[in-house]
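Single-structure report; data block below.
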Amino acid sequence: MEAEYILMMDNITKTFPGVKALDNVKLHVRKGTVHALMGENGAGKSTLMKILIGIYNPDGGTITFKGQKVDIHDTNTALNLGISMIHQELSPIPHMTVAENIFLGREPLNKFGLVDKKKMNADAVKLFEKLGIKIDPRMLMKDLTVAQTQMVEIAKAISYNSSLIIMDEPTSAITEKEVEHLFEIIHGLRAEGVSIIYITHKMDEVFKISDDITVFRDGQHIATVPANTIDKNGLISMMVGRELTQIFPKEEAEIGDVILSVKNLSREGKFRDVSFELRRGEILGFAGLMGAGRTEVMESIFGIAGYDSGEIYINGKKVDIKTPRDAIKHGMAFLTEDRKRTGIMAVLSVRDNITIASMDKFKKGLFLNKKEINATCNEEKSRLSIKTPNLDQLIKFLSGGNQQKVLISRWLLTTPDILILDEPTRGIDVGAKSEIHRLMCGLAKEGKAVIMISSEMPEILGMSDRVIVMHEGRITGEFSRSEADQEKIMQCATGNHNQQ
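For reference, each letter of the sequence shown is one residue, going 1 to 500 in the working numbering.
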């Protein structure tokens, strides 16, 4: 039986201060298969993968790879064994070329012992041709889009000719077309006998691409099943340990007066003539493909970036918002789509991350009222079900879902009337998603107005009172909740709305 498995991880245990991340877990991966690793954020998936590639050392347990017991004490050991990984958090070196990033540390040398750039570029071209990737390897990484960067990371992992590739959220930043392309690459690798561990929160992908599925929950192995023996509801139930009766718990809120009105807003090269209204108690969904201009519009409204022409009205009064501080004064909050880069402050505690945007509230003369800060943070922790050992914990050690809840809590303390949520549930598990959706409904019921940008069609359809669709910087469609469906939205998102 062992012969059919390329990888057997057994009784793996790992403890961090205050947290048992892995409790005697196992993961068995068959040769030449795609094995999905599922679980809520904080379930232990990433910790196990970091053990497999030598970033962490386990406290106990064994790893058997290709029939041999192995001790993987660093990433080079993993690569030499034939194990490579595409990380969820992209970390290219921006001022180096694409080819230099791919072959970093293993550059081809000429007879003089110098890096042979010509051969390196040629090798990159050959690799890209094999994978059907159209990127010039001489380009600097900083000039690539997020989607292109993701494809380069995928190519880099494959370039090691590994027999086991770990893909951690590989589709989080790429378009549907590129996802299909990636699946073609995965099918090709599987046909060559390569095994893939596939980590994602996107259920549809799991059932489309996987042979086997392993579920972790709270640092424990719950089950491993063939993908064709379980359905979506069964998988969710295993992941969260409970039935999620409604994935999108949309509750009706009373829609009130117009609170935000945007008229003919334009920014050269980004968007043009964007006009819409937002009402109190409303969740307004913004749909569209990557690069449609949705985030850029919101950045201009919030004062992160300027705009060339147009007008913004709040409660019927024209406002001039030049900075985020101006926007906050006008009762706005903006949850960024990239929580790692522009959201969390990784080296600060959970407490500091919650309170940093509203410190003035806690001032007592020249000093901060620490008792009030702790009481408020504990209230927020309880209200949003933030899982953390304590408020002193550095936020970087929290799961993605809990980091997102901390950021939402930060903005709620500024008591906004208008919340702009850009991809609020990207890369977080179904349980945390459901909690954030309930929170959004609660805010709408309180009379807050919510703008939700989402690239997930079920979320757009399930959570929005009204949907606005953008394509190439323009609004191409607007639908009420009852009118909106996937086909109409995709027609508008791809610019085919006039052909309906």
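Even for Gly, the Cβ is constructed at its ideal location relative to N, Cα and C.
Measuring alpha carbon to alpha carbon, tell me which of V450, D417, K45 and T33 ends up nearest H221.
Locating residue 221 in the sequence shown gives position 221, counting from the first residue. The alpha carbon of H221 has as its nearest neighbour, out of V450, D417, K45 and T33, the alpha carbon of K45.
What do you reckon, are the CB atoms on S358 and L413 nearer than 9 Å?
Along the sequence shown, read from residue 1 onward, the residue named residue 358 stands at position 358. Along the sequence shown, read from residue 1 onward, the residue named residue 413 stands at position 413. Yes, these two residues count as a Cβ contact at 9 Å.
Which residue wins for smallest C-alpha separation from G82, given the options G285, I196 and R481?
Reading the sequence shown from its first residue, position 82 is the one you call residue 82. Measuring from the Cα of G82, the nearest candidate turns out to be I196.
Expected contact under 8 Å - CB spacing of Y307 and L265 to nearest Å
For the purposes of this step, residue 307 is identified with residue 307 of the sequence shown, where counting begins at 1. For the purposes of this step, residue 265 is identified with residue 265 of the sequence shown, where counting begins at 1. Yes, they are in contact, since the Cβ atoms of Y307 and L265 sit about 5 Å apart, within 8 Å.
H330 versus I460 - alpha carbon distance
Against the sequence shown, residue 330 aligns to sequence position 330. Against the sequence shown, residue 460 aligns to sequence position 460. Between H330 and I460, the C-alpha separation is close to 27 Å.
From K405, G343, M85 and G67, residue whose alpha carbon lies closest to that of T75
Here the question's residue 75 lines up with position 75 in the sequence shown. The residue among K405, G343, M85 and G67 with its C-alpha nearest the C-alpha of T75 is M85.
To the nearest angstrom, how far is it from the Cα of L7 to the Cα of Y198?
For the purposes of this step, residue 7 is identified with residue 7 of the sequence shown, where counting begins at 1. For the purposes of this step, residue 198 is identified with residue 198 of the sequence shown, where counting begins at 1. Looking at the two C-alpha atoms, the distance is approximately 14 Å.
May I ask you to report which of helix, strand or coil DSSP gives N264?
In the sequence shown, residue 264 corresponds to position 264, counting from 1. Reduced to three states, the DSSP call for N264 is strand.
Report, in whole angstroms, the separation of the C-beta atoms of Q404 and I436, which I expect to be a contact under 8 Å.
The residue you call residue 404 lines up with position 404 of the sequence shown. The residue you call residue 436 lines up with position 436 of the sequence shown. Going by Cβ atoms, the distance from Q404 to I436 rounds to 7 Å, so yes, they are a contact pair.
Kindly give me the distance between the Cβ atoms of G60 and N11, rounded to whole angstroms, as I take these residues to be in contact under 8 Å.
Counting from one through the sequence shown, the residue named residue 60 turns up at place 60. Counting from one through the sequence shown, the residue named residue 11 turns up at place 11. About 6 Å; that satisfies the 8 Å criterion.
Which complete beta strand (DSSP E) runs does the stretch 349-432 hold, if anything under 3 residues is left out?
DSSP assignment within the stretch 349-432 yields the following whole beta strand (DSSP E) runs of 3 residues or more, N-terminal first: 418-422.
CA-to-CA distance, T200 to G427, given in whole angstroms
Here residue 427 refers to the residue found at position 427 of the sequence shown. Here residue 200 refers to the residue found at position 200 of the sequence shown. The alpha-carbon atoms of G427 and T200 are separated by roughly 8 Å.
Pull up the CB-CB distance for I418 and M332, whole angstroms please, since I reckon it's below 8 Å.
Translated into positions along the sequence shown, residue 418 becomes position 418. Translated into positions along the sequence shown, residue 332 becomes position 332. With 8 Å as the limit, I418 and M332 qualify as a contact, their Cβ atoms being about 5 Å apart.
When you compare only the Cα positions, how much space is there between F103 and L384?
Taking the sequence shown and counting its residues from 1, the one referred to as residue 103 is at position 103. Taking the sequence shown and counting its residues from 1, the one referred to as residue 384 is at position 384. Approximately 44 Å, taken between the alpha carbons.
Helix or strand or just coil, what does DSSP make of A43?
In the sequence shown, counting from the first residue as 1, residue 43 sits at position 43. It is coil, neither helix nor strand.
Just verifying my parser: in three-state terms, what is the DSSP assignment at R30?
The residue you call residue 30 lines up with position 30 of the sequence shown. R30: strand per DSSP, three-state reduction.
When you compare only the Cα positions, how much space is there between V125 and E251?
Position 125 of the sequence shown, counted from the first residue, corresponds to residue 125. Position 251 of the sequence shown, counted from the first residue, corresponds to residue 251. Going by the C-alpha atoms only, they are around 52 Å apart.
Using a threshold of 9 Å, state whether the C-beta atoms of D23 and G241 are closer than that.
The sequence position of residue 23 within the sequence shown is 23, counting from 1. The sequence position of residue 241 within the sequence shown is 241, counting from 1. It is not a contact, given that the beta carbons lie outside the stated cut-off.
Would E472 and G293 qualify as a contact pair, given that the criterion is a beta-carbon distance under 9 Å?
Position 472 of the sequence shown, counted from the start, is the residue given in the question as residue 472. Position 293 of the sequence shown, counted from the start, is the residue given in the question as residue 293. Result yes, Cβ atoms of E472 and G293 sit closer than 9 Å.
With DSSP run on the structure shown, which of helix, strand or coil describes T245?
In the sequence shown, residue 245 corresponds to position 245, counting from 1. Since pLDDT at T245 reaches only 48, below the 50 mark, its modelled position is unreliable, and the value read off the structure follows with that caveat. Under the three-state reduction of DSSP output, T245 falls in the coil class, being neither helix nor strand.
Quick one, are the C-beta atoms of D273 and G316 less than 9 Å apart?
Here the question's residue 273 lines up with position 273 in the sequence shown. Here the question's residue 316 lines up with position 316 in the sequence shown. Not closer than 9 Å, so no.
Buried versus exposed, by CB contacts within 10 Å (16 or more), H35:
In the sequence shown, counting from the first residue as 1, residue 35 sits at position 35. Result: buried.
Does DSSP put M345 in a helix, a strand or coil?
Within the sequence shown, the letter at position 345 stands for residue 345. It is coil, neither helix nor strand.
Among the candidates S409, K364, S399 and E169, whose CA atom is the shortest distance from the CA of N378?
The sequence position of residue 378 within the sequence shown is 378, counting from 1. Selected option, being the one with the closest Cα: S409.
Is it the case that the CB of L37 approaches a heavy atom of the ligand ZN more closely than 8 Å?
The ligand ZN is not part of this structure, which contains no ligands at all.
Below 8 Å, how does it come out for the stretch 47-56 and the stretch 205-214: are there three or more Cβ pairs, yes or no?
Verdict: no, contact absent.
Whole angstroms are fine: how far does the CA of K361 sit from the CA of T376?
Here the question's residue 376 lines up with position 376 in the sequence shown. Here the question's residue 361 lines up with position 361 in the sequence shown. Approximately 11 Å, taken between the alpha carbons.
Under 9 Å between C-beta atoms of N374 and R351:
What you label residue 374 is simply residue 374 of the sequence shown in a count that begins at 1. What you label residue 351 is simply residue 351 of the sequence shown in a count that begins at 1. Result yes, Cβ atoms of N374 and R351 sit closer than 9 Å.
Considering only DSSP beta bridges, list what V274 is partnered with.
For the purposes of this step, residue 274 is identified with residue 274 of the sequence shown, where counting begins at 1. V274 pairs with L265.
Terminal residues of the beta strand (DSSP E) in which S195 lies:
Sequence index remark: in the sequence shown, residue 195 carries index 195 (1-based). First-last of the beta strand (DSSP E) with S195: S195 to I199.
Would you kindly work out how many angstroms separate the C-alpha atoms of E180 and E372, rounded to a whole number?
The residue labelled residue 180 in the question sits at position 180 within the sequence shown. The residue labelled residue 372 in the question sits at position 372 within the sequence shown. Counting only the Cα atoms, E372 lies some 51 Å from E180.
Does the Cβ of D429 have 16 or more other Cβ atoms within 10 Å, making it buried, or fewer, making it exposed?
One-based indexing of the sequence shown puts residue 429 at position 429. With 16 or more other Cβ atoms within 10 Å, it is buried.
From this set, T476, S482, A484 and R481, which residue's C-alpha is nearest T494's C-alpha?
Position 494 of the sequence shown, counted from the first residue, corresponds to residue 494. The shortest C-alpha separation from T494 is found at T476.
Could you check whether M141 and G502 sit closer than 9 Å to each other, using their CB atoms as the reference points?
What the structure shows of the chain is the stretch from 1 to 500, and residue 502 is not part of that stretch, so it cannot be assessed.
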